[in-house]
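Trainee:
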Amino acid sequence: MYEAEYSSSELNEAYRPLPSLYLALSSIWFFSACSWALVTWKNRHFQANNLQWMIASVPVIKTLQLVLSFLFWYSCFYVEICSLWMSFGVYITGVLFQTASFVSYLLISHGYCIMCENLSVHEKRTTAALGCLFYLTLVGYKASVPYFTVLLLLNYIISFSVIFHHISQNLLALQEQLSVIEDDDIRAMHDAVYSKYIMFKKFQVAMQLIVVAETVIYINIDDSPDTYWIRLLVREWAQFCIFLYIGLTFRSQDLAPHFSVVPTVKLKGGTSVPPIYSIEMDAAAFKDFCCHEWHIGVPSSLLPSESSKEPVLVIVQHPYSSREASVNTTT
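Just so we're aligned, residue 8 is where the sequence shown starts under our numbering, counting upward by one.
(1) Do the CB positions of V341 and S64 come within less than 7 Å of each other?
(2) Over the uninterrupted alpha helix (DSSP H) stretch that includes I88, give me the two end residues.
(3) With distances taken from CA atoms, which of C248, L114, P26, Q182 is nearest H129?
(4) Just tell me which of S42, L28, Q59 has its CA closest to the CA of R242.
(5) Specify, as a first and last residue, the run of the alpha helix (DSSP H) that I205 falls within.
(6) Hey, would you say L181 sits closer than 7 Å to Y119, going by beta carbons?
(7) So, does the region 84-96 touch the region 34-45, judging by three or more C-beta pairs under 8 Å?
(8) Can you list, in chain order, the residues of its chain with a C-beta nearer than 7 Å to that of P66? Leave out the 5 residues immediately preceding and following it.
(9) State the Cα-Cα distance for the pair L216 and V102, rounded to the nearest angstrom.
(10) Whose CA, out of V218, D190, I224, L71, lies closest to the CA of S168?
(11) Which of the three DSSP states is assigned to Y119 in this structure?
(12) In whole angstroms, what separates the C-alpha of E124 from that of W60?
(13) Using a threshold of 7 Å, state whether the C-beta atoms of I62 and S111 are closer than that.
(14) For F95, is the classification buried or exposed, using 16 other Cβ atoms within 10 angstroms of its Cβ as the cut-off for buried?
(15) Would you call the CB atoms of T100 and L137 closer than 7 Å?
(16) Between the Cα of Y204 and those of Y148, V157, L178, R258, spot the shortest distance and give me the residue it belongs to.
(17) Can you check which of these residues, L126, K131, Y225, is closest to V157 by C-alpha distance?
(18) What three-state label does DSSP hand F37 in the structure shown?
(19) What does the alpha-carbon distance come out to for the pair R23 and S33?
(20) Taking a contact to mean a Cβ-Cβ separation below 7 Å, would you say K69 touches F104 in this structure?
(21) Which residue comes first and which comes last in the alpha helix (DSSP H) that contains S76?
(22) List the endpoints of the continuous alpha helix (DSSP H) containing R242.
(23) Taking only three categories from DSSP, how would you classify D230?
(24) Hey, L159 and T144: beta-carbon distance below 7 Å or not?
(25) Counting only the same chain and skipping the five closest in sequence on each side, list residues whose C-beta sits under 8 Å from that of L239.
(26) Classify P306: buried if its beta carbon has 16 or more other beta carbons within 10 angstroms, exposed otherwise.
(27) What residue from T47, S151, Q176, C139 has the CA that sits closest to A107's CA?
(28) Look up N162 in the DSSP assignment and say whether it is helix, strand or coil.
(29) Using three-state DSSP, classify E20 as helix, strand or coil.
(30) Please report how far the alpha carbon of E221 lies from the alpha carbon of Y252, in whole angstroms.
(31) Spatial neighbours of F155 within its chain, please: C-beta separation below 7 Å, excluding the five flanking residues on both sides.
(32) Given that a residue counts as buried once 16 or more other Cβ atoms are within 10 Å of its Cβ, and exposed if not, what is I121?
(33) In terms of residue numbering, what span does the alpha helix (DSSP H) encompassing V128 cover?
(34) Do you know offhand how far Y235's Cα is from F247's?
(35) Alpha carbon to alpha carbon, how far is H197 from I164?
(36) When you measure from the CB of S186 to every non-hydrogen atom of the ligand MG, does any distance come out below 6 Å?
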C-alpha cells in the first residue's frame with residue numbers, strides 16, 4: 008500500500024550513481040561515528056565530556072540518514088520498488104541531523120563543559136526554544152509549506168546572531184583571564200585558558216564557513232537532474248569536513264593541566280580565574296599549619312591508574328577569604 012513499483016527505465020538515469028554515492032558516504036560517517044565514540048570513551052577521565060557525547064550523536068544520526076537513502080535508491084533501481092516509508096525515514100533523519108548539529112553549535116557557543124559545567128536555567132530555555140523553533144521551521148520548509156522559507160531564513164539569522172554573540176562574549180572573557188594571568192603571574196592556568204581561547208577562535212572560523220555553506224546551498228538555483236549527484240557530493244563532503252574540523256577541535260583529549268577547572272555555571276559580570284597555587288613547607292611548618300584561608304584535604308576519588316601511587320594532599324584556598332578580609336578591614 009505504501010510502496011510503488013517502477014521499472015528502472017522509468018527513473019532518470021542521472022540518479023543511478025546515487026546508491027554507490029550514499030553507500031560510500033554512509034561508510035565514511037559510520038567510521039567517523041565509531042572513532043568519535045571510542046575516543047570519547049577512552050578519554051572520559053580527562054574532562055567532563057557531556058558535550059562530546061552530545062556531538063557524538065550527530066554522526067550516528069547522519070549515518071542512519073545515509074543508510075536509509077542508500078536503501079531507498081538501491082531498491083528503486085535494482086528491486087524496482089520505491090518505499091514511501093523509506094523516503095519518510097530519510098526525510099525525518101535529515102531534519103534530526105540538522106537540528107542536532109544546530110543544538111551542538113549552540114551548546115559550544117555557550118561554553119558548555121568548557122567555560123562552565125552546566126548551563127543556567129535561562130541558557131537551557133533559550134537553547135531548547137531555538138532548537139524546537141529550528142526543527143519546526145525546517146519541517147515546514149522541507150514540506151514546502153507556504154511562507155516557511157521566510158521563517159527559516161529569519162530563524163537562521165536569529166540563531167547565528169545568538170551563536171556569534173556568545174562566541175564573542177567567551178573570547179572577551181578568556182582575553183580578560185589571560186590578562187589577569189599575565190599580571191598576577193599565575194602560570195599554572197595559562198595553558199588551560201589559552202587552549203580554550205584557541206578552541207573558540209577555531210569554532211568562530213568554522214561557524215563562518217557554515218554560514219557561507221548554508222547560503223550557497225539555499226540560493227543554488229540549478230535543479231538539473233544531470234548534476235544532482237555532483238551537487239549532493241559537494242554538499243555532503245562540505246558538511247563532513249566542517250563537522251570533522253569542529254569535532255577535532257572539541258574532542259575529548261588530555262588537555263592542558265587545570266583545563267576542567269571551571270565554575271558550575273557562568274558567573275555574571277565576568278569570569279574569574281580559579282586560584283591555582285602550589286605551596287612548599289617542611290614537616291615542622293606543616294604540623295603547626297593552621298589558617299582560616301586554607302583548607303586541607305585529600306581527593307574524594309582517584310583514577311584506577313593512580314590508585315597505586317602515594318596519597319595526594321590537597322590544599323585549597325577559601326574563595327572568599329580575601330573578600331572577607333577586606334570587609335573586616337573596612338569595618
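Just so you know, even glycine gets a beta-carbon here, dropped at the ideal spot from N, CA and C.
Mentor: Inspection of the coordinates gives the following:
(1) Residue coverage of the chain in this structure runs from 8 to 338, which leaves residue 341 outside it and unanswerable.
(2) In the DSSP assignment, I88 falls outside any alpha helix (DSSP H) and lies within the beta strand (DSSP E) extending over 88-90.
(3) Checking every option, the nearest Cα to that of H129 belongs to L114.
(4) The shortest Cα separation from R242 among S42, L28, Q59 belongs to L28.
(5) From DSSP, the alpha helix (DSSP H) with I205 extends over 197-226.
(6) Cβ distance not < 7 Å, so L181 and Y119 don't count as in contact.
(7) Verdict: no, contact absent.
(8) Only W36, S39, A40, W43 meet the Cβ criterion.
(9) L216 and V102: Cα-Cα distance of roughly 20 Å.
(10) For the residues V218, D190, I224, L71, the minimum Cα distance to S168 belongs to V218.
(11) Taken through DSSP and simplified to helix, strand or coil, Y119 comes out as strand.
(12) Going by the C-alpha atoms only, they are around 14 Å apart.
(13) For I62 and S111, yes; Cβs fall inside 7 Å.
(14) When all chains shown are included, F95 counts as exposed.
(15) It is not a contact, given that the beta carbons lie outside the stated cut-off.
(16) Checked all of Y148, V157, L178, R258; the closest Cα to Y204 is L178.
(17) Considering only alpha carbons, the answer is Y225.
(18) Correct three-state label for F37: helix.
(19) C-alpha of R23 to C-alpha of S33: approximately 17 Å in a straight line.
(20) The answer is yes: Cβ separation under 7 Å.
(21) Under the DSSP assignment, S76 falls in the alpha helix (DSSP H) whose first and last residues are 57-81.
(22) From DSSP, the alpha helix (DSSP H) with R242 extends over 235-256.
(23) It is coil, neither helix nor strand.
(24) Yes, Cβ-Cβ distance for L159 and T144 is below 7 Å.
(25) Excluding residues within five positions, the ones whose Cβ falls inside 8 Å are L25, L28.
(26) Its pLDDT being 49, under 50, P306 is placed unreliably by the model, and the measurement read from it follows with that caveat. Under this definition P306 is an exposed residue.
(27) For A107, the nearest C-alpha among the options comes from C139.
(28) Secondary structure at N162: helix, using DSSP grouped into helix, strand and coil.
(29) Reduced to three states, the DSSP call for E20 is helix.
(30) The alpha-carbon separation between E221 and Y252 amounts to approximately 16 Å.
(31) These residues qualify, in order along the chain: T144, G147, Y148.
(32) Burial call: buried.
(33) Residues 128-149.
(34) Between the C-alpha atoms of Y235 and F247 there is a straight-line separation of about 18 Å.
(35) H197 and I164: Cα-Cα distance of roughly 35 Å.
(36) In the structure shown, the ligand MG is absent, as is every other ligand, since no ligand is present at all.
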